[in-house]
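Input: a single structure, listed below in structure tokens.
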Amino acid sequence: MTGETLGKYRLTTQLGTGGMAEVYKAYQPGLDRYVAIKVLYPHYADDSGFVERFEREAALVARLRHPNIVQVFDFDVEDGRYYMVMELIEGPTLSSEVYERIRNNPTIHAAFSPIETVSLFSALASAVDYAHQRNMVHRDLKPSNIMFTADGQVVLTDFGIARMMGEGRHLPSGGRPAGTPFYMAPEVCKGQPGDQLSDIYALGVILYGLMTNHVPFEDGSPDEIMRQHAEVPPPSPSRYNPDIPEEVEHVIMRTLAKSPADRYASANAVAQALREAYSLSLEELTPYLPLVAAPSTLSAFDGVSTPMLTPTIPPTLMVSQCPYRGLFAFREEDAPFFFGREDYTDRLGEVVERRKLVGVIGPSGSGKSSVVFAGLIPRLRQAATLRQARGQAWAFAHLRPGARPFEALAAALLPEDAPDRATDVQILSGALRSGSSNLGACARQFLGQHSDASRLLLVVDQFEELFTLGAEPDVRRAFLDVLLEGMARNPALHIIFTLRADFLSQAFSHRPFADGLQDSTLILGPMTRGELGRAIEEPARKQGVRFQTGLMERILDDVADEPGNLPLLEFALTALWDKQTSRQLTHAAYDEIGQVAGALARYADDIYQGLTQLQKDQARSVFVQLVRPGENTEDTRRQATRTELGANWALVQELANARLIVTNRERDQEETAEIVHEALIRSWGRLQEWMRANRTFRAWQERLRGMMQQWEANNRDDGALLRGALLVGAEGWLAEREAEIGGAEREFIRASIRLREKETAEREKQRQRELETAQRLAEAESRRATEQTRMFNRARQRTALAIGAFVVAGLGLLAALIFIWQANARFQQAQTLMARSVAANAQLMRPTDPQLALLLALHAATLTAPVEPSAEAALRDALLNLEPNLSLPPTAPELIALARGKTTRALTSLECMQYLGTSSCP
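For the sequence shown, our numbering begins at 143 and goes up steadily by one.
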């Protein structure tokens, strides 16, 4: 199978064969690493229960995460071949190490010293106990399943394999239980399935061997050895090693008890008893043992042993140069430690060869500078020999624009050792800006000082400084024109720049510059998991330092694909490097530095303390706005637009430069900012304090933004504006914290206030008109009645005519009363519409704020008599859905009647005040 591809792995070398499987060294291109693959023999697939056991047990094994258990990365089946993918352990098996030590010194009673034995066994017991706590039983513990890493750390392999072969079943060829007879527990030898106490017995056999260079029963056929395990007491360990203390012998013999009930209850209990027998503490033990045997370079399996004759690497306490860059970009001299961007670098190199102007565009913290200086430039230099033959070698100059871009350009083109360089820089920068000198001619002079090069690559790093550090618009335009003109005048000049994505629109606002970048901008996106794996592991490997088993995967899980993750990762790795022990980066050290999130929190505090008091106040406001308070969930980060952050945007830019905030701009969209990583929310105590102090306000503000979005989505319809208690609450927050409420939000609140004032004024005008009309009618009728009275007094004899006049007056008064009734009906109709609107708001708020929903529903109920049906429904729903731990308004018969829809009148002013607590009641 060597040379074949199995899934996503290419089998490169057969490392050995055993009773259950063939073992291969394989290459995994996705993570650019080598792994060990165990390919089980095909006949196991014929077992009807095998597939189910394989999938179940392999999934359990893959979840084991322990420094002394080999990491299982993957398991699968292809063309009927079942295989497991594991960490490639580059060290000998325990059996090989014991053999080599005895061969080098045949007279020793034990291959290891007491402290080495206790250290080794404690690590082994820790691994077994960890698995037992997760209901995983090994069932085949033996020295060939125990390996050492290259620096002497114990690693246990082959968990779950015996169970995959079939619990309690017999191997087809031997008629014996699965396992190795030399290490088999008595109950297993009798045909019972193995359990945790069977593993304890096997550990006892291994401990016996470590102390004596023998196993308890080593003579006879496999069946005879199994019989002895089941029936014969083991010989005393002191028979082989008279130096064994009596207390240690007692520990060994108890571990080898025939009855499982008489053994130690756990692997850690055995290790603890052994340490006590030697009077050793955990702090006195060593996790690394000096090795004698050559590394096996494979993940061990039963019967597999193909040592590769390469020298061992002794452990050392020396700490080599840190290959990680913290929060700094990789430089050209860091190229040997720059990994993960190989594909992008290749594409970038191809574009630079073809195009005169190239842009590397990406979000803050994506590694733009690093990919140019540690990726592209070394790649171009490596081709120097071939390029010289064709006259195509490169020379390089670089600059950052800063606040005075012309001076920066002149400084990049002038020799570092010029006698009066400062004056020359001023002269050349003035000449470039005025046009009396051009960049093309300067490039030719620069190449004249580099006789081996025929092309100049000018690197303008952090191009956004042209727009952030105060250069005037006319200076920016002139600088861009100088770059473009220089390339037009000199075909040998190429320019590459790095630019944060949120400044792309500003760079492209100069049309000639935008035209020059057609088809020559490369977007630098987040690194894939495989690329991150190389960026983490390869620099350490080149320094002879390794990650403890599972640590790299843990770091990858922590980092994921968050924007701006590279500085966070590099910072954590830099801190971790200083904590290495014996050339290993460990889980314990990673926890000590606070992992990626903890290292970041400490860094954030350092940045904050370096701000002025004004900036600290602004920082509090900015960070609080970039956190969305959770409702029964953890707080999360949110994007804020430049408009939202307003005058604080200048500080946002500084925090983005410090890589605490990531700024970005999508195509044709406004600039946005967000916290660089949610770990900052979880771990930065200062930010948590800010959120505790501002949680009520921020929760309200997020609800307000949701209602504002609905208003916008409905084309700013008045029906979606705030009313009632919602508007009263918004007015309070606006008066208290206007500076922290965005312009769009303020406009939403003020539009609601204007609508309320307009509606109030219209209602008042309508009521006044109706009253005036009724008064006029009444006065007219009064005058008419008076006239009729005078007529009656003058002409008593004309009684019939007077009675008729009285009737006419009565009819007029009736008409006035009818008019007043119609006006009141219109007023009631307006109140009904208002009640429906407030009830609708109550239903809208019920899922997120049941207390407020109840108050709105009660308010709607006060507006009409009888109560509007929608108000009744809103009140009923609010009461039914009100959470038990929220306080209700004072109970009263009228409230219950309202809830049941039985009331026939509006609430009185006194009742309204009792329920709503507001002076807005009628």
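Ideal Cβ positions, reconstructed from N, Cα and C, are used throughout, including at glycine.
Exposure label - residue i; buried when at least 16 CB within 10 Å
i, result
"Pro364", "exposed"
"Lys180", "buried"
"His280", "buried"
"Val870", "exposed"
"Met278", "buried"
"Arg725", "buried"
"Ile503", "buried"
"Gly667", "exposed"
"Leu459", "Confidence at Leu459 is low in this model, with a pLDDT of 30, below 50, so its placement is unreliable and no value can be given for it."
"Lys684", "exposed"
"Asp271", "buried"
"Lys284", "buried"
"Leu996", "buried"
"Gln970", "exposed"
"Ser763", "buried"
"Gly740", "buried"
"His208", "buried"
"Met143", "exposed"
"Lys907", "exposed"
"Gln213", "buried"
"Arg676", "buried"
"Lys1044", "Confidence at Lys1044 is low in this model, with a pLDDT of 44, below 50, so the placement of that residue is unreliable and no value is reported for it."
"Asn856", "exposed"
Candidates the options: closest to residue i by CA position
i, options, result
"Leu975", "Glu418, Pro520, Leu1017, Glu901", "Glu901"
"Asp1079", "Glu146, Glu812, Gln830", "Residue numbering for the chain in the displayed model covers 143 to 1064; residue 1079 lies beyond these limits and cannot be assessed."
"Arg828", "Ser421, Glu329, Met353, Gln751", "Gln751"
"Glu549", "Ala537, Ser571, Ala535, Leu556", "Ser571"
"Ser578", "Ile569, Leu206, Leu422", "Ile569"
"Leu599", "Glu887, Trp853, Val493", "Val493"
"Ile678", "Ala537, Ile697, Phe588", "Ile697"
"Thr397", "Leu863, Ala835, Leu339, Glu1010", "Leu339"
"Val620", "Thr663, Ala573, Thr640", "Checking the sequence, you will find Ala at residue 620 rather than Val. That would be Ala573, whose Cα lies nearest to the Cα of Ala620."
"Pro633", "Ser596, Ser647, Val602", "Ser596"
"Gln851", "Leu863, Arg840, Ala841", "Leu863"
"Gln660", "Leu499, Leu589, Asn836", "Leu499"
"Thr785", "Ala815, Phe263, Leu718", "Ala815"
"Pro1008", "Met987, Gln985, Ala977, Leu998", "Ala977"
"Val165", "Phe650, Asp174, Ala399, Leu230", "Leu230"
CA-to-CA distance, residue j to residue i, given in whole angstroms
i, j, result
"Ala540", "Met629", "Per the sequence shown, the amino acid found at residue 540 is His instead of Ala. Rounded to the nearest angstrom, the two C-alpha atoms are 15 Å apart."
"Ser447", "Gln275", "Interpretation of Ser447 is limited by its pLDDT of 31, a score under 50 that renders its predicted location unreliable; the figure taken from the coordinates is listed afterwards. Each residue's alpha carbon lies about 31 Å from the other."
"Tyr420", "Pro256", "8 Å"
"Ala253", "Asn383", "11 Å"
"Leu440", "Ser286", "Any reading at Leu440 must be qualified, since the residue scores a pLDDT of 37, below 50, and its modelled position is unreliable; no value is offered."
"Ala1034", "Pro989", "Reliability fails at Ala1034, whose pLDDT of 40 lies under 50, so the model's placement of it is uncertain and the value that follows must be treated cautiously. Near 25 Å, if we compare the C-alpha coordinates of Pro989 and Ala1034."
"Val374", "Pro328", "10 Å"
"Ala754", "Glu882", "The residue asked about is misnamed: residue 754 is Thr in this sequence, not Ala. Using only the alpha carbons, I get a separation of about 20 Å."
"Ala867", "Phe689", "59 Å"
"Ile729", "Val701", "Looking at the sequence itself, residue 729 is His, so the reference to Ile does not match. His729 and Val701: Cα-Cα distance of roughly 15 Å."
"Gly222", "Glu146", "15 Å"
"Ser380", "Glu680", "48 Å"
"Gly233", "Pro335", "32 Å"
"Arg926", "Gln910", "24 Å"
"Leu674", "Ser508", "12 Å"
"Gly874", "Phe839", "11 Å"
"Tyr169", "Thr155", "10 Å"
"Leu153", "Pro171", "11 Å"
"Ala534", "Asp594", "Correcting the residue type first, residue 534 is Gln in the shown sequence and not Ala. Rounded to whole angstroms, Gln534 to Asp594 spans 9 Å at the Cα level."
Check: residue i C-beta below 7 Å from any heavy atom of the ligand ADP
i, result
"Ala855", "Of ligands this structure carries none, so the ligand ADP is not represented either."
Enumerate, from N- to C-terminal direction, the unbroken beta strand (DSSP E) stretches of 3 or more residues contained entirely within the stretch 511-584.
Correct list: 536-541.
Output the residue ranges of the alpha helix (DSSP H) runs that lie fully inside the stretch 724-763 and measure 4 residues or longer, sorted by chain position.
Contiguous alpha helix (DSSP H) elements confined to the stretch 724-763 occur at 729-734, 737-751, taking only those with 4 or more residues.
For the stretch 955-1023, which segments carrying the alpha helix (DSSP H) assignment without a break, of at least 4 residues, lie completely within its bounds, in sequence order?
DSSP runs (the alpha helix (DSSP H)) wholly in the stretch 955-1023: 992-1003, 1011-1022.
4 or more residues per run - each alpha helix (DSSP H) lying fully within the stretch 687-713
Annotation: the stretch 687-713 contains the following complete segments of the alpha helix (DSSP H) (minimum length 4 residues), in chain order: 693-701.
Say whether the stretch 378-397 touches the stretch 334-353, bearing in mind that this needs 3 or more beta-carbon pairs closer than 8 Å, one atom from each stretch.
The stretch 378-397 vs the stretch 334-353: in contact.
Every unbroken beta strand (DSSP E) inside the stretch 183-252 [3 residues or more]
Counting only unbroken stretches of 3 or more residues, the beta strand (DSSP E) elements lying wholly within the stretch 183-252 are 214-220, 223-229, in sequence order.
Please determine if the stretch 755-764 and the stretch 327-342 are in contact, where contact requires at least 3 C-beta pairs separated by less than 8 Å.
For the pair of segments examined, the stretch 755-764 was found not to touch the stretch 327-342: the number of CB pairs separated by less than 8 Å stays below three.
Go through the stretch 316-376 residue by residue and report every complete run of the alpha helix (DSSP H) that reaches 4 residues or more, in order.
Uninterrupted alpha helix (DSSP H) stretches at least 4 residues long and entirely within the stretch 316-376 occur at 328-331, 338-354, 364-373, given in chain order.
Within the chosen definition, does the stretch 260-271 reach the stretch 290-298 through at least 3 CB pairs nearer than 8 Å?
Enough Cβ pairs lie closer than 8 Å, so yes.
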